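For reference, the structure discussed in these notes is given below.
2 protein chains.
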Amino acid sequence: MIEVIPLGTGSALPSKERHYSATVVEHNKSLFLFDCGEGTQFQFLHAGLRPTRIEAIFITHLHGDHYFGLPGLLSTLTLLGHEKRLTVVGPQGLQAFLDSIPSRMKAHETSLDVNLIEIDPEAEYTVAYDSPNCQITSRPISHSVQTAGYRFQEKDRPGNLNVAYAKKLGIYDYTDYRALKEGIAVTNAQGIRIEPKEVVGPTHRGASFAYVTDTMPCEGGLKLAEQADLLYHEATFTEEHQQRAVQTRHSTAKEAATIAKEAQTKHLLIGHFSGRYKDTSILVEEARQVFKNTDAAEELKRYAIMDTVAPSEHLKP
Amino acid sequence: MIEVIPLGTGSALPSKERHYSATVVEHNKSLFLFDCGEGTQFQFLHAGLRPTRIEAIFITHLHGDHYFGLPGLLSTLTLLGHEKRLTVVGPQGLQAFLDSIPSRMKAHETSLDVNLIEIDPEAEYTVAYDSPNCQITSRPISHSVQTAGYRFQEKDRPGNLNVAYAKKLGIYDYTDYRALKEGIAVTNAQGIRIEPKEVVGPTHRGASFAYVTDTMPCEGGLKLAEQADLLYHEATFTEEHQQRAVQTRHSTAKEAATIAKEAQTKHLLIGHFSGRYKDTSILVEEARQVFKNTDAAEELKRYAIMDTVAPSEHLKP
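From first to last, the protein sequence lines are chains P and V.
Positions 1 to 317 (the working numbering) are the ones given, in order, by the first sequence.
Positions 1001 to 1317 (the working numbering) are the ones given, in order, by the second sequence.
Below, the structure written as structure tokens:
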């Protein structure tokens, strides 16, 4: 299970209604931050999230509304004496920018262990982060500067073991239980071979979330969104301003919905709204004409995505 | 007359209660910004101030809570197509930092005309900004890195001309009126010399404001505050944490008040409060024991300082 918490759904100009781009994925005890616009660390406070829980930060592109909160957030982690290794992923130029920050950041270089990864703009596909529990991949998307979309994929976990039934089949040992969950057959005291599928339920399919902003509708975004449980896709403009979307290399709400539909995404959250829309209902309306399960991303709201757990009852004899 | 509007009264760690350092001086139609911590541009929105009215920005030092809002503010001015020349003053290293910001700031270099001035840390006194209406001077203050305190001085204006009395003395010409206001004697049709002091009231003394943060109590701060109408002085700690103030090169509320008293300041606003004080009343209390006219700076409140205008009635014969 993961929870997705949008922290900022605005675009380049500041507004009273919305904050700059930033979205958190909470998984187990770790936080994964996608984009870090100015003020992101304040939104952490308002969301009740401790920044020391951040495992990795993924920056889409070097327009200020997506990364100007990074110096402040890293400084705060330094001040808090944070010593855990922190992965920061982003486009080319991010390392040079962080290296150029005077004073406080120099202190951080000694105390805060930043593992900075710059994404090769030519690579079709990059594994940006990998752990036993999840993998974050990146693909180039189509904006005015090098921009990366991301997909958070919780790894699949073995199904539930029906211990009562396993015991009936003569399996009592925890080593055997573990082996069965890992897909390895075991043999009971009577020499009968027990196959994993006899006692282990279906695999838990990990939750998936795609973060696609800023971009025109594009192949990279489509692939990242493929059958995702949740897609956050930018929808800066309504159809009325479609020309403006093309000029600035952004998407309309309808285009975001078309990506969600083609990718067979389960749920679409639109965001990165132009400040001209105080009310997002027209954007949602236009998107829903193409893809019904669309909502406007709400800042600080938690969107829970359960991994798919099948009941193991059917395994009972 | 000037108005001083504190936008942020917190210190290095983010808090829900306060924002990062920034204070605006409004004078005529221009705004002068002192410090620009992360989120300053949002505070402009909440204060109902248009950032395009900013004439000059003064950064005290390169700790993030005092300048990490600068990239975002400059980017926003660029996006708004702002073309007025903007003076940015700060310590050494500021130019290199601004030059290192990718993409959006590159655009700004062509459209936004930034006149960047780095303060010589060896100079006892620097005129940081000068116009016919005001002058901003800077002095080094005592923190862990190069830090500049500032004083905003509205220029004195000539007193009011008693036109009715000037006419009685035989002066009818506007050129003569202007000369008298500029301190030049004129001669009437009868050949009698009229001295300015006969018809012009006392000079309007310009309003003054000193901005002194972050610092231990020091000579520079004292000189900047000399007979100022309003002094904003940092008071990060209470007396209980005086040792911590020394270690981190900050001031206690009592020390800030001592500066205000010695400098014969009229009104003291304390700020830059450590996050440990949710309630500032203890800080104010400690300061008032030394300097009665002390208040905790309130974010978004307008502190008006009138220039001293003497009535010209006494000039009437």
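All C-beta atoms in this analysis are idealised placements derived from N, C-alpha and C, irrespective of residue type, glycine included.
The structure presented is a predicted model; accordingly, all values stated were derived computationally and were not measured.
- Burial state of P:Gln146 is buried, judged by a 10 Å Cβ sphere holding 16 or more other Cβ atoms.
- The Cβ-Cβ distance between V:Glu1038 and V:Phe1058 does not fall below 7 Å.
- DSSP links V:Pro1006 through a beta bridge to V:Thr1023.
- Chain-ordered, the chain V residues with CB closer than 7 Å to the CB of P:Pro102 read Leu1062, Gly1093 and Phe1097.
- DSSP places V:Ser1208 in the uninterrupted beta strand (DSSP E) bounded by Ser1208 to Val1212.
- Residue state for P:Leu62 is assigned as coil, using DSSP reduced to three classes.
- In chain order, Ala257 and Thr294 place their CB closer than 8 Å to the CB of P:Arg288, counting only its own chain and leaving out the 5 sequence neighbours on each side.
- With a threshold of 7 Å between beta carbons, P:Pro6 makes no contact with chain V.
- In the three-state DSSP reduction, P:Thr87 falls in the strand class (E or B).
- With its beta carbon less than 7 Å from one in chain P, V:Pro1014 belongs to the interface.
- P:Asn133 is classed as exposed because its beta carbon has fewer than 16 other beta carbons within 10 Å across all chains shown.
- Under the 8 Å Cβ criterion, the segment 233 to 246 of chain P counts as touching the segment 265 to 285 of chain P, having at least three qualifying pairs.
- Contact annotation for V:Ser1075 against chain P: Gly64 [CB-CB distance below 7 Å, chain order].
- Rounded to the nearest angstrom, the Cβ distance from V:Ile1002 to V:Phe1209 is 6 Å, consistent with a contact under 8 Å.
- According to DSSP, P:Ile194 shares a beta bridge with P:Val186.
- Around the C-beta of P:Tyr174, fewer than 16 other C-beta atoms lie within 10 Å, and the residue is accordingly described as exposed.
- Within its own chain, the residues whose Cβ lies closer than 8 Å to the Cβ of V:Thr1248, once the five positions on either side in sequence are excluded, are Ser1144 and Thr1236, listed in chain order.
- Non-local C-beta neighbours of P:Val186 in its own chain, meaning closer than 7 Å and more than five positions away in sequence, comprise Ile171, Asp176, Ala179, Leu180 and Ile194, ordered along the chain.
- Counting other Cβ atoms within 10 Å of its Cβ, P:Glu286 reaches 16 or more and is therefore classed as buried.
- Excluding residues up to 5 positions away in sequence, Asn133 lie with their Cβ nearer than 7 Å to the Cβ of P:Asn28 in the same chain.
- A distance below 6 Å between beta-carbons, with the five flanking residues on each side excluded, links P:Thr265 to the following residues of its chain, in chain order: Ala225, Ala228 and Leu231.
- The beta-carbon separation of V:Ile1119 and V:Ser1138, rounded to 6 Å, stays under the 8 Å limit for a contact.
- Judged by DSSP secondary structure, P:Ile259 falls within the alpha helix (DSSP H) whose first and last residues are Ala253 to Glu262.
- Pairing V:Phe1097 with P:Pro102 gives a Cβ-Cβ distance under 7 Å.
- Per the C-alpha coordinates, the member of P:Thr76, P:His61, P:His241 and P:Phe42 positioned closest to P:Gln92 is P:His61.
- Contacts with chain P at 7 Å (Cβ-Cβ) include V:Phe1068.
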